[in-house]
Amino acid sequence: MTTISSSLSDPLTENEGVRSMTGQGHASVQGDYGVIRVEVRTVNNRGLKCVLRTSDALSSLESRVDALVRSLIHRGSISVAISWRKPAGQNVPAIDTEVLAAYASKLNEVRLSVGDGNAVNIDLASLMQLPGVIISARDERRDDVQLWEPVEEAIRLAFENLNEMRQTEGANMAQTLHVDAAQIAERLEQIRVLAPRAVENYSSRLEAKIQRVLSERDIESQPIDILREVQIYADRADISEEITRLGSHLRLFADVLSGEATEGTNREPTGRKLDFIIQEMFRETNTIGSKAADAEVSSHVVEIKCAIERMRELVQNLE
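When we follow this note's numbering, the leftmost residue of the sequence shown carries the number 270, and every step to the right adds one.
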């Protein structure tokens, strides 16, 4: 019979879908529009939270940025900062010569109508201060369709950079999780071996205790009474179902971690699936500890709980 321990002892197949929720990435795209720079930072979060910071000139693209970001990541708290540095020439205010000429024409009409003696002279500097003559660089808008292309490219490149970091850290975390799962499987196999012996030891202790008490009172013991008491304990302390279920949870955990359990299913984040499995693992372990009144079994249960707690902390940071 293949034991749980041996079935989980092989190294995990690297799963490219297992990623840490913590990381950062950045990218810049340059063209005749200037430079678009994107910085992305992620930390762990039970759900998906996205915070955007963009310049005023890019505010009209925020809804498209949000939709793109949510399509590229499934879980975590994400901060995205996008800046746009325009070419040097675009930062110089422009002069609307048509508006300036119109002001000059109107001024000339006024001068002709009132006569030169009553005319008020207005110099060029005063004309430049009239509304609409100076066009601020920030008032110049580029077409959103043209601007979206470099913004989208920069975001995708930044996420590629981010995912490389998250992938590396996620692979290290997955290997640690595999080691803990294998240790749990080994201890669970020890519990499987110890469980029948625990009942036998209890039977021997109970029989010796009853024989001692009855002999002190000159009463003959009936084997059937001892067997009945042992059977009651054996039924109460039976942990075979819990051992089987915990072993099943361990195998499912390994499959999800390696990506083997995600094909053909919905895209529920891997970290969330693993978190649910760990909850079930802890429940079965707790039941084993409460039902098996045996010192060696209790020792293994304590170590299993410690390993599960380590796994729980790691899984909280997996996407």
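C-beta atoms are modelled at their ideal positions from N, C-alpha and C, and glycine is treated no differently.
Same chain, Cβ closer than 7 Å to residue i, neighbours up to 5 away in sequence not counted
{"i": "L463", "result": "D563, E565, V566"}
{"i": "P538", "result": "H343, R344, E588"}
{"i": "R310", "result": "Q293, S348"}
{"i": "L543", "result": "F522, V525, L526, V584, L587"}
{"i": "G533", "result": "Note that G533 scores a pLDDT of 48, beneath 50, so its modelled location is shaky and nothing firm can be said."}
{"i": "V379", "result": "none"}
Cα-Cα separation, residue i to residue j
{"i": "E458", "j": "P419", "result": "57 Å"}
{"i": "A576", "j": "L587", "result": "17 Å"}
{"i": "R315", "j": "I347", "result": "12 Å"}
{"i": "E409", "j": "Y302", "result": "Legend: pLDDT at E409 = 48, less than 50; position of this residue unreliable, no value from coordinates given."}
{"i": "E455", "j": "A523", "result": "14 Å"}
{"i": "L337", "j": "V349", "result": "11 Å"}
{"i": "L475", "j": "G528", "result": "50 Å"}
{"i": "M580", "j": "D449", "result": "7 Å"}
{"i": "Q585", "j": "N313", "result": "7 Å"}
{"i": "V414", "j": "D335", "result": "16 Å"}
{"i": "V287", "j": "R505", "result": "41 Å"}
{"i": "S568", "j": "I493", "result": "33 Å"}
{"i": "S473", "j": "Q548", "result": "36 Å"}
{"i": "K375", "j": "I391", "result": "12 Å"}
{"i": "L483", "j": "A477", "result": "10 Å"}
{"i": "Y471", "j": "I479", "result": "12 Å"}
{"i": "V570", "j": "A451", "result": "14 Å"}
{"i": "E331", "j": "G300", "result": "21 Å"}
{"i": "R481", "j": "D487", "result": "10 Å"}
{"i": "P356", "j": "V383", "result": "47 Å"}
{"i": "N555", "j": "E498", "result": "25 Å"}
{"i": "S329", "j": "E421", "result": "14 Å"}
{"i": "E433", "j": "S517", "result": "32 Å"}
{"i": "N377", "j": "C319", "result": "58 Å"}
{"i": "L393", "j": "P400", "result": "14 Å"}
{"i": "E578", "j": "I501", "result": "33 Å"}
Sequence-distant residues of its chain with Cβ nearer than 6 Å to residue i (five each side left out)
{"i": "L341", "result": "F428"}
{"i": "I512", "result": "R461"}
{"i": "L426", "result": "A296"}
{"i": "A503", "result": "V468"}
{"i": "E553", "result": "E511, R514, L515"}
{"i": "E485", "result": "none"}
Span of the beta strand (DSSP E) around residue i
{"i": "I351", "result": "345–354"}
{"i": "S297", "result": "292–300"}
{"i": "I305", "result": "303–312"}
{"i": "V287", "result": "Run containing V287: none; DSSP gives neither H nor E here."}
{"i": "L337", "result": "No beta strand (DSSP E) contains L337, which is instead part of the alpha helix (DSSP H) from 331–341."}
Check whether residue i and residue j have beta carbons under 9 Å apart
{"i": "L526", "j": "L446", "result": "yes"}
{"i": "M290", "j": "R435", "result": "yes"}
{"i": "G292", "j": "L416", "result": "no"}
{"i": "L515", "j": "M550", "result": "yes"}
{"i": "L317", "j": "R333", "result": "no"}
{"i": "I453", "j": "I573", "result": "yes"}
{"i": "W353", "j": "L327", "result": "yes"}
Own chain residues within Cβ distance below 8 Å of residue i, not counting five before or after
{"i": "A423", "result": "A296, S297, V298, I305, R306, V307, I351"}
{"i": "V591", "result": "Residue 591 is absent from the model: the chain starts at 270 and stops at 588."}
{"i": "K560", "result": "R505, A506, D507, I508, E511"}
{"i": "G540", "result": "M290, R344, V584, Q585, N586, L587, E588"}
{"i": "M270", "result": "Per-residue confidence for M270 stands at a pLDDT of 39, beneath the threshold of 50, marking its modelled position as unreliable; the derived number appears in the next sentence. Nothing listed; no residue qualifies."}
Residue span of the alpha helix (DSSP H) that contains residue i, given as start and end
{"i": "V402", "result": "No alpha helix (DSSP H) holds V402; DSSP gives it neither H nor E."}
{"i": "R425", "result": "413–485"}
{"i": "R315", "result": "Where R315 is concerned, there is no enclosing alpha helix (DSSP H), given that its DSSP letter is neither H nor E."}
{"i": "N586", "result": "Here N586 belongs to no alpha helix (DSSP H), and DSSP marks it neither H nor E."}
{"i": "E549", "result": "539–560"}
{"i": "D269", "result": "The requested residue 269 does not occur in the structure, where the chain is confined to residues 270 to 588."}
{"i": "L376", "result": "366–383"}
{"i": "A394", "result": "393–397"}
Closer than 8 Å: residue i CB and nearest the ligand SAM heavy atom
{"i": "F522", "result": "The ligand SAM is not part of this structure, which contains no ligands at all."}
Cβ of residue i within 9 Å of any chain B Cβ
{"i": "V420", "result": "Absence of chain B from the displayed structure is noted, only one protein chain being present."}
Task: Cβ contact (3+ pairs, closer than 8 Å) linking the segment 436–453 and the segment 317–336 - done: no
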